[in-house]
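Protein chains: 2
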Amino acid sequence: MNIAILGAGNVAWHLSKAFIMAGHPVRQIWNRTVEKAADLSFEIGGNSISDLSQIKEEIDLIVITVSDEAIEQVASSLKPRDHQIVVHTSGSTSINVLKPYAKQVGVIYPLQTFSKDVAINFSEIPFFLEACRPDVLTDLKRVVGQITKKVEEADSAQRMNLHISAVFACNFTNHLYSIASDILEKYNLSFDYIKPLILETANKVLQATPKDVQTGPARRHDKNTMQKHLDMLSSDLDKQELYRLISQRIVKMYDENRA
Amino acid sequence: MNIAILGAGNVAWHLSKAFIMAGHPVRQIWNRTVEKAADLSFEIGGNSISDLSQIKEEIDLIVITVSDEAIEQVASSLKPRDHQIVVHTSGSTSINVLKPYAKQVGVIYPLQTFSKDVAINFSEIPFFLEACRPDVLTDLKRVVGQITKKVEEADSAQRMNLHISAVFACNFTNHLYSIASDILEKYNLSFDYIKPLILETANKVLQATPKDVQTGPARRHDKNTMQKHLDMLSSDLDKQELYRLISQRIVKMYDENRA
Numbered sequence: 019m020n021i022a023i024l025g026a027g028n029v030a031w032h033l034s035k036a037f038i039m040a041g042h043p044v045r046q047i048w049n050r051t052v053e054k055a056a057d058l059s060f061e062i063g064g065n066s067i068s069d070l071s072q073i074k075e076e077i078d079l080i081v082i083t084v085s086d087e088a089i090e091q092v093a094s095s096l097k098p099r100d101h102q103i104v105v106h107t108s109g110s111t112s113i114n115v116l117k118p119y120a121k122q123v124g125v126i127y128p129l130q131t132f133s134k135d136v137a138i139n140f141s142e143i144p145f146f147l148e149a150c151r152p153d154v155l156t157d158l159k160r161v162v163g164q165i166t167k168k169v170e171e172a173d174s175a176q177r178m179n180l181h182i183s184a185v186f187a188c189n190f191t192n193h194l195y196s197i198a199s200d201i202l203e204k205y206n207l208s209f210d211y212i213k214p215l216i217l218e219t220a221n222k223v224l225q226a227t228p229k230d231v232q233t234g235p236a237r238r239h240d241k242n243t244m245q246k247h248l249d250m251l252s253s254d255l256d257k258q259e260l261y262r263l264i265s266q267r268i269v270k271m272y273d274e275n276r277a
Numbered sequence: 019m020n021i022a023i024l025g026a027g028n029v030a031w032h033l034s035k036a037f038i039m040a041g042h043p044v045r046q047i048w049n050r051t052v053e054k055a056a057d058l059s060f061e062i063g064g065n066s067i068s069d070l071s072q073i074k075e076e077i078d079l080i081v082i083t084v085s086d087e088a089i090e091q092v093a094s095s096l097k098p099r100d101h102q103i104v105v106h107t108s109g110s111t112s113i114n115v116l117k118p119y120a121k122q123v124g125v126i127y128p129l130q131t132f133s134k135d136v137a138i139n140f141s142e143i144p145f146f147l148e149a150c151r152p153d154v155l156t157d158l159k160r161v162v163g164q165i166t167k168k169v170e171e172a173d174s175a176q177r178m179n180l181h182i183s184a185v186f187a188c189n190f191t192n193h194l195y196s197i198a199s200d201i202l203e204k205y206n207l208s209f210d211y212i213k214p215l216i217l218e219t220a221n222k223v224l225q226a227t228p229k230d231v232q233t234g235p236a237r238r239h240d241k242n243t244m245q246k247h248l249d250m251l252s253s254d255l256d257k258q259e260l261y262r263l264i265s266q267r268i269v270k271m272y273d274e275n276r277a
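Line by line, the protein sequences are chains A and B. Numbering (our numbering) for the first sequence: 19 to 277. Numbering (our numbering) for the second sequence: 19 to 277.
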């Protein structure tokens, strides 16, 4: 397939490369800020375009990777030909926002976190697909199946819940790493010290259920230690509040099991 | 060194094995519930004892791994000989609780999470040591240096902050994994789907600062998506509150950087 990528953020960078490696050339790249489209086209080849009307006849798949709130506006500016499939890559946006603007629409949602400078192995990333018609789904499965082994289907409600899960397990988790980093820095301790623990915590749940491997003062309902920690955090009420809230949740979860 | 382990929980199981593999036999195991001491001695050898007065002359190092609130009580029941070093393994307990009860005291705090059934490679785990005297510290460094490459020193305040960091980066992170698991289960989605994301999130911060790789709706200040997620979580006010609190923290952190 010949592909046009709309947007030039983290998802666009990684997904473009994955398409190209799978033999699907990215011919055109559009971005609201044309310089960013040019940066990406410099990196991967293809042509940057400044106007959505420049999308060519030869394009088979138009992939919208812009931010969620801009998806519908970008879609509404397209004049796709009948043979062109228009997809977005958003977890929390319904397929329906595309339907008024194209005959063939779908969603390809990669459940992964992308940072521009961190290389990604796509073959293990689950992609969740949705399409307006079975034949469009088949087309999408074929192309996506060449960049990952894990092609799944999900409707818009499931996809949003995948996204919410990802926010907790990835975005919020990374924020907890930031908090740990802050605390360590404050006491002249290297963030390196905690890296084996971070990795082990993630590795554990690859083989076990998170509930079964929960550890820590809240898990043991160790009030003494929790109180010491809350006292130590008294100079940072934001962190203290978060400590209290999550600890309460854990205590409650395991008290119910103990009862 | 000949070692006695007091306590038979997760730390005791893993640490005993590490000592033995490093050539330091665990001769005696005590636990408040003697059956648990017997289980551990069945696993690793050595003798389970039911009374702390049974600790023998031949023991060089007494390692207290009981829960934090029980450490002082256990220490107060010991009658250590002058040559015996008494240590605890707690992040949030001062070395001072041991001082009234033994001439040679210290702390060996492994910064790691231990679940009984998950094997651990000790050689990369940082251990934070503290001792009542330089010569005791030297002894502890020698023995601990045989189970890990990463022997560090930390005073009681630093150690508590290491522990608080670990609570955020490990215990609370695992709780976020639990929440993700709940949400997925509710929508008939496999927890397996999110495992590559969990692993990538951890792997990313091995090479980058958490603040630099933060992603997600809150990072982009994408109010629309956050509102959709909050709406979707309205049937579970606990999760909704946590979503709101952490998102607000992230928004604030990056708004300050944008400003």
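We put the beta carbon where it would ideally sit given N, CA and C, even for glycine. Keep in mind it's a predicted model, so treat the numbers as computed, not measured.
One alpha carbon belongs to methionine 39 of chain B, the other to glutamate 87 of chain B, and they sit about 29 Å apart. Within the region 216 to 238 of chain A, Ile216, Leu217, Glu218, Thr219, Ala220, Asn221, Lys222, Val223, Leu224, Gln225, Ala226, Thr227, Pro228, Lys229, Asp230, Val231, Gln232, Thr233, Gly234, Pro235, Ala236, Arg237, Arg238 place their CB atoms closer than 9 Å to a CB of chain B, listed in sequence order. Rounded to the nearest whole angstrom, the C-alpha separation of glycine 63 of chain B and valine 52 of chain B is 15 Å. Taking 8 Å as the cut-off, the beta carbon of glycine 41 of chain B is found no closer than this to the beta carbon of glutamine 122 of chain B.
Going by beta carbons, glutamine 232 of chain B and histidine 193 of chain A fall inside the 8 Å limit.
When Cβ pairs closer than 8 Å are counted between the two stretches, the region 127 to 140 of chain B is seen to touch the region 208 to 215 of chain A, the count reaching three or more.
Contact between isoleucine 47 of chain B and serine 59 of chain B holds, since their C-beta atoms are separated by about 5 Å, short of 8 Å. Per DSSP, the continuous beta strand (DSSP E) segment holding leucine 24 of chain A begins and ends at 21 to 24. Contact annotation, phenylalanine 186 of chain B with valine 162 of chain B: C-beta distance approximately 25 Å; criterion of less than 8 Å not satisfied. The beta carbon of tyrosine 127 of chain A sits no closer than 8 Å to any beta carbon of chain B. In this structure, alanine 93 of chain B keeps its C-beta atom at 8 Å or more from the C-beta atom of glycine 124 of chain B.
Looking at the DSSP output, alanine 55 of chain B sits in no beta bridge, so it has no partner there.
Excluding its 5 nearest sequence neighbours in each direction, aspartate 100 of chain A has C-beta neighbours in its own chain below 6 Å: Lys121, listed in chain order. Residue-level contact by beta carbon fails for proline 118 of chain B and chain A, as no gap is shorter than 8 Å. Three or more Cβ pairs closer than 8 Å define a contact, and the region 224 to 231 of chain B falls short of that threshold against the region 253 to 261 of chain A. Within the region 65 to 89 of chain B, contact with chain A at the beta-carbon level (separation under 9 Å) is assigned to Ser85, Asp86, Glu87. Lysine 246 of chain B sits buried, since 16 or more C-beta atoms from the chains shown fall within 10 Å of its C-beta. No Cβ of chain B is located within less than 8 Å of the beta carbon of glutamate 148 of chain A. The residue among B:Ile67, B:Val154, B:Met271, B:Tyr205 with its C-alpha nearest the C-alpha of alanine 26 of chain B is B:Ile67. DSSP places proline 152 of chain B outside any beta strand (DSSP E); the residue lies instead in the alpha helix (DSSP H), whose first and last residues are 152 to 162.
Rounded to whole angstroms, the separation of the alpha carbons of serine 208 of chain A and isoleucine 182 of chain B is 14 Å. Distance from the Cα of tyrosine 211 of chain B is smallest, within the candidate group A:Arg237, A:Tyr211, A:Thr219, A:Glu142, for A:Glu142. In this structure, the alpha-carbon of leucine 147 of chain B lies about 14 Å from that of leucine 116 of chain B. In the three-state reduction of the DSSP assignment, glutamine 245 of chain A falls in the helix class, which pools H, G and I.
Relative to leucine 70 of chain A, the option among A:Ile23, A:Lys54, A:Arg237 whose CA is nearest is A:Ile23.
Going by DSSP, asparagine 65 of chain B is part of the beta strand (DSSP E) stretching over 65 to 67. The Cβ atoms of asparagine 20 of chain A and isoleucine 82 of chain A lie no closer than 8 Å to each other. The beta carbons of aspartate 200 of chain B and arginine 267 of chain A sit no closer together than 8 Å. Residues of chain A whose Cβ lies closer than 7 Å to the Cβ of isoleucine 197 of chain B are, in chain order, Phe186. For alanine 149 of chain B, the enclosing beta strand (DSSP E) stretches over residues 145 to 149.
Its Cα nearest to that of proline 43 of chain B, the residue B:Asn65 stands out among B:Gln91, B:Asn65, B:Glu90, B:Lys167. Classified as exposed, alanine 137 of chain A has fewer than 16 neighbouring CB atoms from the shown chains inside 10 Å of its CB.
The Cβ-Cβ distance between arginine 237 of chain A and asparagine 189 of chain B falls below 8 Å.
With a cutoff of 8 Å on beta-carbon distance, glycine 109 of chain B and alanine 36 of chain B are scored as not near each other.
Residue burial annotation: threonine 111 of chain A is buried, with at least 16 other C-beta atoms found within 10 angstroms of its C-beta. Bounds of the beta strand (DSSP E) holding arginine 45 of chain B are 44 to 48.
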